[in-house]
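Engineer: Residue 798 is where the sequence shown starts when you use this note's numbering, and the numbers rise one by one after that. From the three backbone atoms N, C-alpha and C, an ideal C-beta is built for every residue, glycine too. The structure is given below, and queries will be raised subsequently.
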Amino acid sequence: MSQVKEIYFGMFTDAGNHAVHEIVKHALENKLAWLEVYQDLCHLSKVKAFGEATDTMVREMVYDACGFESDFYI
């Protein structure tokens, strides 16, 4: 399995980008569906200082990083 390089995911802080990176890594390792990943982003957005986790830019970057081809809007 290939490693996921930690990149910028549109979060406001390095800690936020790291948290999203962990979601992407988990999604790839466990072959999660987009709905499952989106739900993880929703949970993260409820954590103080990570409210932007469901912003369109963040979601698009996560969707691309996971290589999804399913419908983006769920």
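Assign Phe-869 to one of two classes, buried (16 or more other C-beta atoms within 10 Å of its C-beta) or exposed (fewer than that).
Structural biologist: When all chains shown are included, Phe-869 counts as exposed.
Engineer: How big is the Cα-Cα spacing for Lys-845 and Thr-851?
Structural biologist: 13 angstroms
Engineer: Beta-carbon separation of Gly-813 and Phe-865 under 9 angstroms?
Structural biologist: Cβ atoms of Gly-813 and Phe-865: not closer than 9 angstroms.
Engineer: Going by DSSP in three states, Glu-866 sits in which element: helix, strand or coil?
Structural biologist: coil
Engineer: If we ignore side chains and look at the alpha-carbon of each, how far apart do Glu-833 and Val-817 end up?
Structural biologist: 13 angstroms
Engineer: Taking just the CA atoms, how far does Lys-822 sit from Met-798?
Structural biologist: Note that Met-798 scores 46 on pLDDT, short of 50, meaning its location in the model is unreliable; the coordinates nonetheless yield the value given after this. Their backbone Cα atoms lie some 11 angstroms apart in a straight line.
Engineer: Is Tyr-835 helix, strand or coil when you go by DSSP?
Structural biologist: helix
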